[in-house]
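Chemist: Protein chains in written order, with our numbering: chain A, 3 to 246; chain B, 23 to 210.
Glycine residues also receive a C-beta, built at the ideal position from the N, C-alpha and C atoms.
Note that this is a predicted model, so its numbers are computed, not measured.
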Amino acid sequence: MLNIKDLHATLADGTEILKGLNLSVGKGEIHAIMGPNGAGKSTLSKVIAGHPSYRVTKGSVVFHGKNLLSLSVAERANLGFFIGFQYPLEIPGLGNEEFLRATIDAKHKALNLPKMNESEFSEKMKKTMQLLEMDSRYKERGLNEGFSGGEKKRNEILQMAMLEPSLAFLDETDSGLDIDALRIVANGINKLMNAERSVVLITHYQRLLDYAKPQFVHVIIDGKIAKSGGAGLALELEEKGYEL
Amino acid sequence: MSYDFSLKENEYLSILSFNSPSNISVELCGEGAVFEYRSLLVFGENEKPEQKVHVIHKAPNTKSFLFAKHILSDNAKAEFNGVVEVCEYCKDIESRQLVNSILLSPNAKVISKPELKIYCDEVQCSHGSTCGALDEDALFYLQSRGMGLAQAEKLLLNAFAAELHTSFSALPMPLPFMATSRIPSSVK
Ligand SMILES: Nc1ncnc2c1ncn2[C@@H]1O[C@H](COP(=O)(O)OP(=O)(O)OP(=O)(O)O)[C@@H](O)[C@H]1O
Ligand SMILES: [Mg+2]
Numbered sequence: 003m004l005n006i007k008d009l010h011a012t013l014a015d016g017t018e019i020l021k022g023l024n025l026s027v028g029k030g031e032i033h034a035i036m037g038p039n040g041a042g043k044s045t046l047s048k049v050i051a052g053h054p055s056y057r058v059t060k061g062s063v064v065f066h067g068k069n070l071l072s073l074s075v076a077e078r079a080n081l082g083f084f085i086g087f088q089y090p091l092e093i094p095g096l097g098n099e100e101f102l103r104a105t106i107d108a109k110h111k112a113l114n115l116p117k118m119n120e121s122e123f124s125e126k127m128k129k130t131m132q133l134l135e136m137d138s139r140y141k142e143r144g145l146n147e148g149f150s151g152g153e154k155k156r157n158e159i160l161q162m163a164m165l166e167p168s169l170a171f172l173d174e175t176d177s178g179l180d181i182d183a184l185r186i187v188a189n190g191i192n193k194l195m196n197a198e199r200s201v202v203l204i205t206h207y208q209r210l211l212d213y214a215k216p217q218f219v220h221v222i223i224d225g226k227i228a229k230s231g232g233a234g235l236a237l238e239l240e241e242k243g244y245e246l
Numbered sequence: 023m024s025y026d027f028s029l030k031e032n033e034y035l036s037i038l039s040f041n042s043p044s045n046i047s048v049e050l051c052g053e054g055a056v057f058e059y060r061s062l063l064v065f066g067e068n069e070k071p072e073q074k075v076h077v078i079h080k081a082p083n084t085k086s087f088l089f090a091k092h093i094l095s096d097n098a099k100a101e102f103n104g105v106v107e108v109c110e111y112c113k114d115i116e117s118r119q120l121v122n123s124i125l126l127s128p129n130a131k132v133i134s135k136p137e138l139k140i141y142c143d144e145v146q147c148s149h150g151s152t153c154g155a156l157d158e159d160a161l162f163y164l165q166s167r168g169m170g171l172a173q174a175e176k177l178l179l180n181a182f183a184a185e186l187h188t189s190f191s192a193l194p195m196p197l198p199f200m201a202t203s204r205i206p207s208s209v210k
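Okay, structure coming up:
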């Protein structure tokens, strides 16, 4: 469903961050991406999502048969791409529920689906928050406003579960989660998975991968995939570090 | 428009104003008096709204909070002048002012002129101002969830406006009438 070929991306000042990256993700797969700090993992997910800070200078990204790089940020999202941010922003004054409602409406409009009615929406939100063991008061609060690090990550998973993307890049969603939250979030990820959907977990730790088991593990070093393997690679890395 | 108020002991005055740049003068004459001013200005074209709020703390243990927000486009130029005076022998005064502005065009301008005239010690005064375009990362965050740029901008502007009654309050909870008085749901 996702095909990245020889992807090069630079910052506005011309500094190259992604230096010829190749990655394919098929339907129903869980991938893990690991790699040292500053290797380009977050940059990769933001480039795919269309962040304006980066310029693609070479290569291609095809998603569901479409040239993703020619689409707007919103079009990419509505085609089924989701990015779970490493550092979710706080937007005071925009209610969490109001925000989710607006994203669902935008998605339905883009896909020419009828507007989701109020009761269906609140039912879905309630169920999802229960699954993620989030107290209902998080509905009313400003988007991530004053949320703890772990709560923000859980809120990203809430957004993902509501939007039901076909491909989610979750950037260090496990960092900052306590042991219970990790299990809950992994449970949320597993619930979303089916034969049509895929997840790419960007992580530094094996812990999350114990719950959400990847079939493929990749290591990004200096803007490229330096090594790919099966689930065993993550264990090997944990033991030996990135000295490949 | 010009308004003058005088507050007696333990009186509380809260003004919530939308697009009405005015000249307001408030005297806090009795102990325990509190004045709170919240204003939102949304202007464009060649408009030049000017606001002046003059607070005089004439009694000890009085508080004033001035909170101004601007959303400016085109060549609009807004001026906020918050003057806080604390008279002699007035102890335990708290006064804060904050001016937050979003400039939607490179030609829009805001001038924030806080003035403090303090003739007494034991006074807690602060002022701050921020000013800039809509945050690029915030816009990206909303767009990454499927909404177009125009809608993302609109939500962020509404959020900015809504903060007028959710933050910077003198009270632990916003006043009930404030919670229900809505900022117009779409700012242009
Ligand atoms: N917007 C930006 N401005 C300046 N430098 C940037 C920007 N985005 C990325 N970089 C730089 O690009 C490199 C890759 O950053 P990136 O965030 O992708 O790393 P990462 O692999 O996600 O690291 P970590 O494991 O620490 O999260 C870093 O050196 C970073 O400083
Ligand atoms: Mg990162």
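Using a Cβ-Cβ cutoff of less than 6 Å, which residues in the same chain neighbour Ser24 of chain B once the five nearest sequence positions on both sides are dropped?
Modeler: Correct list, in chain order: Asn45.
Chemist: Go through its chain and collect everything with a Cβ distance to Ser74 of chain A's Cβ below 8 Å, but skip five positions before and after it.
Modeler: Excluding sequence neighbours, Ser74 of chain A sits near Gly52.
Chemist: By how many angstroms is the C-alpha of Asn146 of chain A removed from the C-alpha of Phe102 of chain B?
Modeler: 31 Å
Chemist: Please state whether the Cβ-Cβ distance between Ile191 of chain A and Ala214 of chain A is less than 8 Å.
Modeler: yes
Chemist: Considering only heavy atoms of ligand 1 and the C-beta of each residue, which residues fall inside 6 Å, strictly closer?
Modeler: A:Leu13, A:Ile19, A:Gly37, A:Asn39, A:Gly40, A:Ala41, A:Gly42, A:Lys43, A:Ser44, A:Thr45, A:Ser55, A:Gln88
Chemist: Residue ranges of each beta strand (DSSP E) run of no fewer than 3 residues wholly in the segment 101-138 of chain B, ordered along the chain?
Modeler: 115-125
Chemist: Taking C-beta pairs closer than 8 Å, name the residues in chain B that Gln161 of chain A reaches, listed in chain order.
Modeler: Simply Arg167.
Chemist: Indicate whether Arg156 of chain A and Leu184 of chain A have their beta-carbon atoms separated by less than 8 Å.
Modeler: The criterion of a C-beta distance shorter than 8 Å is not satisfied by Arg156 of chain A and Leu184 of chain A.
Chemist: Which of the three DSSP states is assigned to Thr175 of chain A in this structure?
Modeler: coil
Chemist: Please confirm whether Leu186 of chain B and Leu161 of chain B have their CB atoms less than 8 Å apart.
Modeler: no
Chemist: Taking the continuous alpha helix (DSSP H) assigned at Lys29 of chain A, which residues delimit it?
Modeler: Counted as a single uninterrupted DSSP element, the stretch harbouring Lys29 of chain A is not any alpha helix (DSSP H), since DSSP gives it neither H nor E.
Chemist: For the segment 112-135 of chain B, enumerate the residues whose C-beta is nearer than 8 Å to any C-beta of chain A, in chain order.
Modeler: none
Chemist: Taking Gly52 of chain B as the query, report the chain A residues whose CB atoms sit under 8 Å from its CB, ordered along the chain.
Modeler: Within chain A, no residue comes near Gly52 of chain B; the closest Cβ sits about 34 Å away, beyond 8 Å.
Chemist: Would a check of beta-carbon distances place His220 of chain A closer than 8 Å to chain B?
Modeler: Not closer than 8 Å to any Cβ of chain B, the Cβ of His220 of chain A fails to qualify, so no.
Chemist: Give the residues of chain B in contact with Ile85 of chain A, contact being defined as C-beta atoms less than 7 Å apart.
Modeler: Ser166
Chemist: Where does Gly234 of chain A land, buried or exposed, given buried means 16+ other C-beta within 10 angstroms?
Modeler: exposed
Chemist: If you measure from the beta carbon of Val209 of chain B to each beta carbon in chain A, is any gap under 8 Å?
Modeler: Per-residue confidence for Val209 of chain B stands at a pLDDT of 40, beneath the threshold of 50, marking its modelled position as unreliable; no derived number is given.
Chemist: Does the beta-carbon of Asn122 of chain B have 16 or more other beta-carbons within 10 angstroms, so that it is buried, or is it exposed?
Modeler: buried
Chemist: Would Phe57 of chain B and Leu63 of chain B be called neighbours here (beta carbons separated by less than 8 Å)?
Modeler: no
Chemist: Identify every residue that forms a DSSP beta bridge with Asn45 of chain B.
Modeler: B:Ser24, B:Lys74
Chemist: According to DSSP, His149 of chain B sits in a beta bridge with which residue or residues?
Modeler: B:Gln119
Chemist: With three or more C-beta pairs closer than 8 Å as the rule, is the segment 107-119 of chain B touching the segment 127-144 of chain B?
Modeler: The segment 127-144 of chain B is in contact with the segment 107-119 of chain B.
Chemist: At 9 Å on the CB atoms, spell out the chain A contacts of Leu177 of chain B, in chain order.
Modeler: Ile93, Leu96, Glu100, Phe101, Ala104
Chemist: If you measure from the beta carbon of Leu165 of chain A to each beta carbon in chain B, is any gap under 8 Å?
Modeler: yes
Chemist: Do Asp159 of chain B and ligand 3 come close, with the Cβ less than 7 Å from some heavy atom?
Modeler: Ligands displayed in this structure: ligand 1 and ligand 2; ligand 3 is not among them.
Chemist: Using a Cβ cut-off of 7 Å, pull out every chain A residue sitting near Gly170 of chain B, in sequence order please.
Modeler: In chain order: Ala76.
Chemist: Determine, using beta carbons only, whether Ala170 of chain A comes closer than 8 Å to chain B.
Modeler: Among the residues facing chain B, Ala170 of chain A is not included, as its CB has no counterpart in that chain under 8 Å away.
Chemist: Could you name the residues of chain E that Phe182 of chain B contacts, counting a contact when the two beta carbons are closer than 7 Å?
Modeler: No chain E is present in this structure, whose protein chains are A and B.
Chemist: Just the Cα atoms here: how many angstroms apart are His92 of chain B and Pro216 of chain A?
Modeler: 49 Å
Chemist: Assuming Leu172 of chain A and Leu203 of chain A form a contact by the criterion Cβ under 8 Å, report the distance between their Cβ atoms to the nearest whole angstrom.
Modeler: 5 Å
Chemist: Between the segment 122-133 of chain A and the segment 81-89 of chain A, are three or more C-beta pairs nearer than 8 Å?
Modeler: no
Chemist: When the Cα atoms are used, what is the spatial distance from Ser150 of chain A to Ser42 of chain B?
Modeler: 38 Å
Chemist: Strictly below 7 Å CB to CB, what residues from chain B border Pro116 of chain A?
Modeler: In chain order: nothing, as chain B lies at least about 16 Å away.
Chemist: Hey, how far is the Cα of Ile159 of chain A from the Cα of Glu31 of chain B?
Modeler: 51 Å
Chemist: In the DSSP assignment, what are the bridge partners of Gly86 of chain A?
Modeler: A:Leu172
Chemist: Given Leu96 of chain A, which residues of its chain have a CB within under 7 Å of its CB, disregarding the five upstream and five downstream residues?
Modeler: Gly144, Leu145
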